[in-house]
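J.: Can you keep this structure in mind? I'll have questions shortly.
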Amino acid sequence: MRNFISQRVQSVPPSGIRRFFDIAATMDDVISLGIGEPDFVTPTPILRAGIRSLEEGHTHYTSNSGMLELRQALSRYLERLYGVSYDPGDELLITVGVSEAMYLAINATINPGDEVIIPEPCFVSYAPEVVFAGGRPVMVKTRVEEDFQVTGATIEAAVTPKTKAILIGYPNNPTGAVMSRERLAEIAAVASKHDLLVISDEIYERLVYGVQHTNFASLDGMKDRAIVLGGLSKSHAMTGWRLGWAAAPPEVLAAMRKIHQYTIMSAPTTAQMAAIEALEQGEEHVERMRAEYNRRRVLLVSGLNELGLSTFEPKGAFYAFPNVAASGLDDEGFAEALLQEEQVAVVPGNAFGESGRGFVRACYATAYEKIEEALERMHRFMQRHG
């Protein structure tokens with residue numbers, strides 16, 4: 004029998020994150036610093052809004068674009084936070100998480116052979132999504148010496164006549180880096196000069212520590228050439244609700260909505276009702292969770308540095324990205340040995356691109372006490388390997 008699997012799919016390896024989680028699932032007493040998911044339960048008022056929607060019989064499809072009330076709330080939210088004005092009618096789309104929004108953005112804009120410049124380390128889905136759309140991902144390296152912020156010059160050096168878009172994700176997964184407004188302005192200048200689209204994944208926008216997040220569309224002239232992606236999964240502890248959004252110029256959003264119509268129909272109605280509550284009344288919960296993440300961030304980063312695992316200070320998301328050279332192991336060897344010997348799960352940096360080699364991702368979206376215990380176990384580990 005012939006091979007029925009698409010060559011594009013065959014060309015993409017399985018996610019480098021999943022293998023370690025699958026191993027950890029077979030073991031007892033594992034402390035996971037791997038899964039990028041809040042350990043908080045969705046705040047009670049948001050939960051109640053979702054439950055109430057079911058009790059009131061809101062169990063049907065919504066508009067393909069999402070409930071108008073939700074899009075209006077989202078428009079007010081983005082205006083309030085970033086001063087960017089989006090028309091709820093034709094510039095905002097409610098999606099099944101940011102994952103779907105990313106899929107729509109790339110498939111609505113990328114033709115076969117188009118090149119997309121992607122700074123790395125980056126989230127594992129970016130390059131595969133471009134490949135699945137028939138495009139070519141062009142990876143550019145960021146360096147710890149520059150706090151993993153990509154420069155305009157680095158991006159411009161990768162531009163060719165085939166370049167269609169720049170895909171960035173800040174605050175960054177896996178490094179925790181946050182782009183300064185000045186660096187983002189460099190990217191904006193390159194995009195304008197070469198007439199490029201910018202896809203900006205801003206799912207961690209609310210989780211920043213001691214710095215300000217810059218919405219890419221708020222930069223001069225960028226609203227008309229940017230697709231900004233966001234959601235509530237990380238900031239409001241709503242991963243399982245599967246609710247995200249895209250903000251884009253009308254003609255681009257119409258193309259994304261067309262794909263959405265044929266593949267998804269609409270995001271979950273219950274989640275949309277809960278999201279209205281989250282956007283309009285959820286601020287105190289976001290601040291409470293962010294403060295706790297910050298407390299954990301300080302513990303984990305200082306603890307890793309004390310163990311000799313050099314870790315720059317992440318200013319966003321909920322990840323630390325230590326260099327593991329002091330252990331004498333590469334990133335995969337370190338992650339495997341730490342899991343087997345001390346039952347602590349981290350993710351090898353090479354899962355996030357070649358420039359992630361030599362690092363591991365450690366997530367601090369878990370209880371403070373578990374992070375303390377993980378550091379104790381890693382101390383024993385480094386006594387043997389450091």
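Taking the numbering used here, I'd label the letters of the sequence shown as residues 4 to 389. Beta carbons: idealized from backbone N, C-alpha and C, even for Gly.
1) Based on Cα-Cα distance, which residue from M268, A281, D42 and P252 lies nearest to R90?
2) Could you name the residues of the same chain whose beta carbon sits closer than 6 Å to that of T393, not counting the 5 residues immediately before and after it, in chain order?
3) Any beta carbon of chain C sitting closer than 8 Å to that of L96?
4) Q152: buried (16+ other C-beta within 10 angstroms of its C-beta) or exposed?
5) Taking DSSP as the reference, what is the three-state secondary structure of E40?
6) Could you tell me the distance, in whole angstroms, from the CA atom of V289 to the CA atom of H239?
7) Would you kindly work out how many angstroms separate the C-alpha atoms of V347 and L36, rounded to a whole number?
8) The alpha helix (DSSP H) with G336 in it runs from where to where?
9) Once DSSP output is grouped into helix, strand and coil, what is the label at F151?
10) To the nearest angstrom, how far is it from the Cα of L1 to the Cα of M385?
11) Buried or exposed for G319, please, with buried defined as at least 16 other CB atoms from any protein chain shown within 10 angstroms of its CB.
12) Going by the beta-carbon positions, is the gap between L107 and M225 smaller than 8 Å?
13) Who does S35 pair with in a DSSP beta bridge?
14) When the Cα atoms are used, what is the spatial distance from A270 to M381?
15) Using the three-state DSSP reduction, which class does S238 fall into: helix, strand or coil?
16) Would you kindly report the start and end of the unbroken alpha helix (DSSP H) that includes T272?
17) What separation, rounded to the nearest whole angstrom, lies between the Cα atoms of E189 and I374?
18) Compute the Euclidean distance between the alpha carbons of E208 and G86, then round it to the nearest angstrom.
19) Quick check: the stretch 348-358 against the stretch 195-211, are there 3 or more CB pairs under 8 Å?
20) Kindly provide the ranges of any beta strand (DSSP E) runs that are 3 or more residues long and lie completely inside the stretch 91-130, ordered along the chain.
21) By the 10 Å Cβ neighbour count, where 16 or more other Cβ atoms means buried, how is H63 classified, buried or exposed?
22) If you follow the beta strand (DSSP E) that P140 is in, where does it begin and where does it stop?
T.: A quick look at the data gives this:
1) Locating residue 90 in the sequence shown gives position 87, where the first residue counts as 1. For the sequence presented, residue 90 should be read as Asp rather than Arg. Residue P252 is the option with its Cα nearest to D90.
2) Nothing in the structure corresponds to residue 393, since the chain is present only between 4 and 389.
3) The chain labelled as chain C is not found in the depicted structure, where only one protein chain is given.
4) As a position in the sequence shown, residue 152 is number 149, starting the count at 1. Flag for Q152 reads buried.
5) As a position in the sequence shown, residue 40 is number 37, starting the count at 1. Coil at E40, not helix or strand.
6) In the sequence shown, residue 289 corresponds to position 286, counting from 1. In the sequence shown, residue 239 corresponds to position 236, counting from 1. Their Cα atoms are separated by approximately 6 Å.
7) Within the sequence shown, residue 347 is the residue found at index 344, counting from 1. Within the sequence shown, residue 36 is the residue found at index 33, counting from 1. So the two alpha carbons sit approximately 7 Å from each other.
8) Here residue 336 corresponds to residue number 333 of the sequence shown, with the count starting at 1. D334 to E345 is the extent of the alpha helix (DSSP H) around G336.
9) Translated into positions along the sequence shown, residue 151 becomes position 148. Reduced to three states, the DSSP call for F151 is coil.
10) Since the first residue shown for the chain is 4 and the last is 389, residue 1 is missing from the structure and cannot be characterised.
11) Counting from 1 along the sequence shown, the entry for residue 319 is found at position 316. It counts as buried.
12) Against the sequence shown, residue 107 aligns to sequence position 104. Against the sequence shown, residue 225 aligns to sequence position 222. It is not a contact, given that the beta carbons lie outside the stated cut-off.
13) Residue mapping note: residue 35 aligns to position 32 of the sequence shown, counting from 1. Answer by DSSP bridge pairing, in chain order: A348.
14) In the sequence shown, counting from the first residue as 1, residue 270 sits at position 267. In the sequence shown, counting from the first residue as 1, residue 381 sits at position 378. Approximately 41 Å, taken between the alpha carbons.
15) Within the sequence shown, numbered from 1, the residue matching residue 238 stands at position 235. Reduced to three states, the DSSP call for S238 is coil.
16) Position 269 of the sequence shown, counted from the first residue, corresponds to residue 272. Its alpha helix (DSSP H) spans residues T272 to Q284.
17) Within the sequence shown, numbered from 1, the residue matching residue 189 stands at position 186. Within the sequence shown, numbered from 1, the residue matching residue 374 stands at position 371. Their Cα atoms are separated by approximately 37 Å.
18) Position 205 of the sequence shown, counted from the first residue, corresponds to residue 208. Position 83 of the sequence shown, counted from the first residue, corresponds to residue 86. The alpha-carbon atoms of E208 and G86 are separated by roughly 14 Å.
19) no
20) 95-98 and 118-123
21) Reading the sequence shown from its first residue, position 60 is the one you call residue 63. The residue is exposed, with fewer than 16 neighbouring Cβ atoms inside 10 Å.
22) Taking the first residue of the sequence shown as position 1, residue 140 is located at position 137. R139 to K144 is the extent of the beta strand (DSSP E) around P140.
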